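J.:
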Amino acid sequence: MSLQSISLVDPTGADPGMTSLNLSPRPVDLKGKRLGLLDNSKANSDIILNAIAEVLNQQYEFADIFYVQKHSACLPPVPEILADLHRNCDVVIAGVGD
Amino acid sequence: MASDARALIHDLDYSQDPVEECYRRGWTDGMPVAPPTVEKVNQMLDYVGLSPGDVLGEVPVRRRVLTAEQAAANCVMAGCLPEYFPIVLAAMKALFEHDPNCIHEISAVTNSTGIMLLVNGPIRKNIDLNCTDNLFSPGYRANSTIGRAIRLIFINVFEQRPGVLDRGCMGSLTKYSVCFGEDEEDSPWEPYHVTQGFVADQSTVTVAAIQDVEMFGNRYGTTGESLMDSIVEGMASHGLAIYFGRGIKWFWVVGHWHAEMLNRLGWTRPLMQEYIQERSYRTRAQLKGLGYIKGEVVVQDETERVYAAQAAEDILIVKAGGNSGIYSNLIMNYYGVEATTVPIVNPKS
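Residue numbers (the working numbering), protein chains in the order written: chain A, 427 to 524; chain B, 220 to 568.
Written out as structure tokens, the structure reads:
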């Protein structure tokens, strides 16, 4: 029997338009900042986010706490939600519940 | 839409085991796959007359497209014959048309949903798709590999790997393969796809996101009411259906002897749908007590009904399964992909 090579077709996907993304500048201090809470709409997400905010607020005394909920746990926020976060927050915590 | 996108080709030398190479590259669902050789993938594409770069759809939220070549490679790996490929293509088309992001959503959810494929029409017999005995068991190539091809596409093309983008908590056996045909030849009712507006000799596939299949063994009931009351119990007690409260449908896969009795006693699909829908509920108080709904019980919760199906037509009745026992199966259709029926066509014909 002769030995033959074999060629496999790669079955995986790739992002055809992938570009590198840059992180926004990180705040050096949270003191007095406006905190955003992005609830991903899963069960108990509100509980964990509010608990985190309460703990952080004792230390950093936020100027405001802005709470908003996504329309779907599985999909990105709609543009209106992102615009609200941009307008009303300096930092955002995105939370998952269950 | 055509594109120039071509898959990478990996040349192995004779010392490399191709099955193990697929494992090494993370291309499997845990079980061995058939190596996606260039020859096998081309056979698959030739059968349907598609070019490798033809784009079948895109999942915007994942910024991923599915090409015909990728679909064919995953079908080969699943063990599909080329004759099965039109069913896989139709199923993917149904998903893309329903909502392309649903392909991400049904894996991102923590409550573990699989994809069910119900096939109707002549193609069932052409490919020896099991419609009767041991319907949901291993043993038939078409049943086992067509659903598996969908899962491998999810894993390999859309990165829906357990613990990565597949966030199922408990997981589900339905993520291996759920593909079956209706037992049209021995059904007292018109075929399911005819109820959806298709002619009987048009082959179709119905695609639905589902949770695990539950069997019902009503063997001593002698009335339709007794049998349907057992289905009602199953639906009403399903916490997740109640929790979502929207877009939930149900497949009642009526086994042979259950169908025989229901037909003998004069039960039609509309009568059964109505009977079951109006009885499948729990009070809001009961559901709060069981932890399916958030909050403390208030007075009006004691009488407020929460229905498992919002409308009678959300209960979808299919005849399938063997005649060795007296059973039915109930399948919850989660709203990620509400039951969608599409024709199966070979693009080449």
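The C-beta atom is built at its ideal place from N, Cα and C for all residues, glycine as well. Computed from a predicted structure; not experimentally measured.
Please decide whether residue 510 (chain A) counts as near chain B, where near means a Cβ-Cβ distance under 7 Å.
T.: No, residue 510 (chain A) lies away from the interface with chain B (no Cβ there is under 7 Å from its Cβ).
J.: With a threshold of 7 Å between beta carbons, is residue 474 (chain A) in contact with chain B?
T.: It does not; no Cβ of chain B falls within 7 Å.
J.: What does residue 433 (chain A) reach in chain B if we use C-beta pairs closer than 9 Å?
T.: By Cβ distance, chain B contributes 228, 229, 230, 231, 256, 257 and 258.
J.: For the ligand PLP, is there any heavy atom lying closer than 6 Å to the beta carbon of residue 423 (chain B)?
T.: Here there are no bound small molecules, and the ligand PLP is not part of this structure.
J.: Would you kindly work out how many angstroms separate the C-alpha atoms of residue 439 (chain A) and residue 260 (chain B), rounded to a whole number?
T.: About 16 Å.
J.: If you drop the 5 nearest sequence neighbours on each side, which residues of the same chain put their C-beta closer than 6 Å to that of residue 472 (chain A)?
T.: Same-chain partners within the cutoff: 465.
J.: Assuming residue 326 (chain B) and residue 385 (chain B) are in contact, meaning their beta carbons sit under 8 Å apart, how far apart are those beta carbons, in whole angstroms?
T.: Their Cβ separation, rounded to whole angstroms, is 4 Å, which keeps residue 326 (chain B) and residue 385 (chain B) in contact under 8 Å.
J.: Note the first and the last residue of the continuous alpha helix (DSSP H) segment covering residue 538 (chain B).
T.: Counting along the chain, residue 538 (chain B) falls outside any alpha helix (DSSP H), though it belongs to the beta strand (DSSP E) covering 534-538.
J.: Measure the C-alpha to C-alpha separation of residue 349 (chain B) and residue 339 (chain B) and round it to an integer number of angstroms.
T.: When rounded, the distance between both Cα atoms is 11 Å.
J.: Residue 261 (chain B) by DSSP, collapsed to three states: which one?
T.: Correct three-state label for residue 261 (chain B): helix.
J.: Just verifying my parser: in three-state terms, what is the DSSP assignment at residue 552 (chain B)?
T.: Correct three-state label for residue 552 (chain B): strand.
J.: Tell whether a beta-carbon distance below 7 Å holds between residue 450 (chain B) and residue 495 (chain B).
T.: Their beta carbons are under 7 Å apart, which means residue 450 (chain B) touches residue 495 (chain B) by this criterion.
J.: Report the CB separation of residue 503 (chain B) from residue 525 (chain B) in whole angstroms; it is logged as a contact under 8 Å.
T.: 6 Å between Cβ atoms; contact.
J.: Is the separation between the beta-carbon of residue 539 (chain B) and that of residue 409 (chain B) shorter than 7 Å?
T.: No, these two residues do not count as a Cβ contact at 7 Å.
J.: Can you pull out the residues from the region 335-352 of chain B whose beta carbon lies closer than 9 Å to at least one beta carbon of chain A?
T.: Answer set for the region 335-352 of chain B: empty.
J.: Taking 7 Å as the limit between beta carbons, can you name the residues of its chain near residue 499 (chain A), skipping five residues before and five after?
T.: Cβ within range, chain order: 466, 467 and 468.
J.: Take residue 301 (chain B) as the anchor and find which of B:356, B:466, B:360 and B:273 has the nearest alpha-carbon.
T.: Cα-wise, what sits closest to residue 301 (chain B) is B:360.
J.: Mind checking the region 373-386 of chain B against chain A and listing, in chain order, the residues whose C-beta falls within less than 8 Å of any C-beta there?
T.: Within the region 373-386 of chain B, the residues whose Cβ lies closer than 8 Å to some Cβ of chain A are 375, 376, 377 and 378, listed in chain order.
J.: Just the Cα atoms here: how many angstroms apart are residue 442 (chain B) and residue 484 (chain B)?
T.: Roughly 8 Å between the two C-alpha positions.
J.: If the cut is a Cβ gap below 8 Å, which residues of chain A does residue 220 (chain B) touch?
T.: Within chain A, no residue comes near residue 220 (chain B); the closest Cβ sits about 12 Å away, beyond 8 Å.
J.: Answer with buried or exposed for residue 271 (chain B), where buried requires no fewer than 16 other C-beta atoms within 10 angstroms of its C-beta.
T.: It is buried - the Cβ of residue 271 (chain B) has at least 16 other Cβ atoms within 10 Å.
J.: With 16 as the cutoff for other CB atoms within 10 Å, does residue 321 (chain B) come out buried or exposed?
T.: It is buried - the Cβ of residue 321 (chain B) has at least 16 other Cβ atoms within 10 Å.
J.: DSSP has residue 435 (chain B) in a bridge; who is on the other side?
T.: B:547.
J.: Roughly how many angstroms separate the alpha carbons of residue 358 (chain B) and residue 466 (chain B), rounded to a whole number?
T.: Cα to Cα, residue 358 (chain B) sits roughly 33 Å from residue 466 (chain B).
J.: Helix, strand or coil for residue 490 (chain A), going by three-state DSSP, please let me know.
T.: Residue state, collapsed to three classes: strand.
J.: Which term fits residue 521 (chain A), buried or exposed, when burial requires 16 or more other beta carbons within 10 angstroms of its beta carbon?
T.: With 16 or more Cβ atoms within 10 Å of its Cβ, residue 521 (chain A) is classed as buried.
J.: Quick check: is the beta carbon of residue 516 (chain A) nearer than 7 Å to any beta carbon in chain B?
T.: Not closer than 7 Å to any Cβ of chain B, the Cβ of residue 516 (chain A) fails to qualify, so no.
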